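Accompanying notes for the structure given below.
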Amino acid sequence: MFVLTVDQRSSRRDIDRVADLLTDLQDVPLVRPFDRTAGDEVQAVADDPALVVDLVLDLLRRERWSIGVGVGPVETPLPEQTRAGRGPAFEHARIAVERAKNAPGQVAAEGDDTEATADVDAALTLLATVVLRRTEQGHEAVDLARQGLSQARIAERLGISKQAVSQRLATAGWQAELAGRELVRRLLERADR
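By the working numbering, the letter at position 63 of the sequence shown is numbered 63, and the numbering carries on one by one without gaps.
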C-alpha cells in the first residue's frame, strides 16, 4: 500500500492552497481520498503504483508541495477518513515528507524495505529533475503527447511545425519521463512486496 503525505511549501508566507488541491484531486481513484490532516498538509492512500507516479508528477508540476511517499502495510479496515489511518505506510509517509522538505525535487520515499525504497527515492529525484526543468511550452507539448496525440496533431493543436513539436518534446525530456515513470512504477511495486 502507498500513503502520500503532501505538505504545502512556504505556507506561512503564502495563501492556503489545500482547499484547491483537494478539489482538483477529488475524482482520483484512490483507496482513501486526499484529506486535510493538519493545517497545510494532505494525505491519501493508494494501491496502484502507476497512480502514485501520476500524482507525484502532478504535484511536482504545481511547484508548491513537498511530497512524501510511504510504502508498506496499513491497518485494516481503513477508516473512512484518511487522516485516521494507521500503520507503517502512514509512518513512512510522515518521515518521507519531512525529508522531502530539504530534498532535491521536494520528493522522498520511505518504506520497510530500505534498499528498495532508496531506489524509489533516487528514481523519483531523477524524474523530478526532468519535470521541474520543463518550460510551460514543454508541459503543453508533453500533456498532449501523454493523451496519445501524434506529433502532427500536437503541432496542429499548438499552431507550430511538427519539427518544433519534436524539439519541444526532446527539450522537455518526454522520453526520459516515459522511461522514468515506468522505472518508478516497477520500483514502487517491488518495494511494496
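Note that the Cβ used here is the ideal one computed from N, Cα and C, for glycine as well. As the structure is a computational prediction, the values presented were derived from the model and not from experiment.
Is the beta carbon of residue i sitting closer than 8 Å to the one on residue j?
i, j, result
"Gly87", "Pro104", "no"
"Val69", "Asp7", "no"
"Ile160", "Leu144", "no"
Is residue i helix, strand or coil by DSSP?
i, result
"Asp143", "helix"
"Leu30", "coil"
"Ala44", "strand"
"Asp7", "strand"
"Ile199", "Residue 199 lies beyond the range of the chain shown here (1 to 193); nothing can be said about it."
"Arg153", "helix"
"Asp16", "coil"
"Arg36", "strand"
Classify residue i as buried or exposed, calling it buried when 16 or more other Cβ atoms lie within 10 Å of its own Cβ.
i, result
"Gln26", "exposed"
"Leu178", "exposed"
"Glu115", "exposed"
"Gln43", "buried"
"Gly173", "buried"
"Ser150", "exposed"
"Gly39", "exposed"
"Glu75", "exposed"
What are the start and end residues of each continuous alpha helix (DSSP H) run of 4 or more residues lying completely inside the region 69-141, in chain order?
88-100 and 114-132
Do the region 121-139 and the region 30-39 make contact, defined as three or more Cβ pairs closer than 8 Å?
no
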